[in-house]
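In mature numbering (1 follows the signal peptide of the UniProt record, and there is no 0), the protein residues as written are -18 to -1, 1 to 174. The C-beta atom is built at its ideal place from N, Cα and C for all residues, glycine as well.
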């Protein structure tokens, strides 16, 4: 019985490691870095967006993929770049180490522990509710008059993922009118 329980525990722990989602690290200067990972079997795709919190608006970006082994994955890009990012996973967190990523504006200052903020990742989603309202702030009492309808496609960007409840959306309809604001993740269906 003990071997069975040990095996079951190991399987549960392995399924919790390197799950799809978005992770964030913010330092005391206000600079932040957000990492979104999508796991498919032993393959991992990742996107990284770093905000330096400077008046010049400096930011860094990277996307790559790699194989995950023993809860560790090294992301590499297919472009001609020496940058690689080593991710090691544990429960709802990850540790990131940046190597040769200064060209991408991702210095080693962004290395460290990241906390999982949502299971959502950037990409295309469909509105699933009859009306999905935009909000002025991330407070449920600040909804605007503008809304999207069931079936509308929404593109979410990594830098606009706020948390497990909110995402900032820039939406342009077919006639060219743009609406922006915060939206609730609960109004979105998984990517089509």
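Check your understanding: How would you label residue 12, buried or exposed, when you count the other beta carbons within 10 angstroms and need 16 or more for buried?
Key -> Residue 12 counts as exposed, since fewer than 16 other beta carbons sit within 10 angstroms of its beta carbon.
Practice item. Put residue 34 into one of helix, strand or coil per three-state DSSP. Key: Coil.
Review point. Short check: CB of residue 113 to CB of residue 129, under 7 Å?
Key: Taking 7 Å as the Cβ cut-off, residue 113 and residue 129 qualify as a contacting pair.
Point to revise | residue 88 - DSSP class collapsed to helix/strand/coil | key: Three-state DSSP puts residue 88 in coil, outside helix and strand.
Review point. Does the beta-carbon of residue 85 have 16 or more other beta-carbons within 10 angstroms, so that it is buried, or is it exposed?
Key: Exposed is the call here.
Review point. In or out: residue 75 buried (at least 16 other Cβ within 10 Å) or exposed?
Key: It counts as exposed.
Review point. Exposed or buried, residue 4, counting other C-beta atoms within 10 Å across all chains shown (16 or more means buried)?
Key: With 16 or more Cβ atoms within 10 Å of its Cβ, residue 4 is classed as buried.
Point to revise | Cα-Cα separation between residue 62 and residue 41, rounded to whole angstroms | key: So the alpha carbons of these two residues sit roughly 20 Å apart.
Review point. Mapping DSSP to helix, strand and coil, what is residue 169?
Key: Helix, per DSSP.
**Study point:** residue 83 vs residue 55 beta-carbon contact at 7 Å
**Key:** Here residue 83 is not near residue 55, since their CB atoms are 7 Å or more apart.
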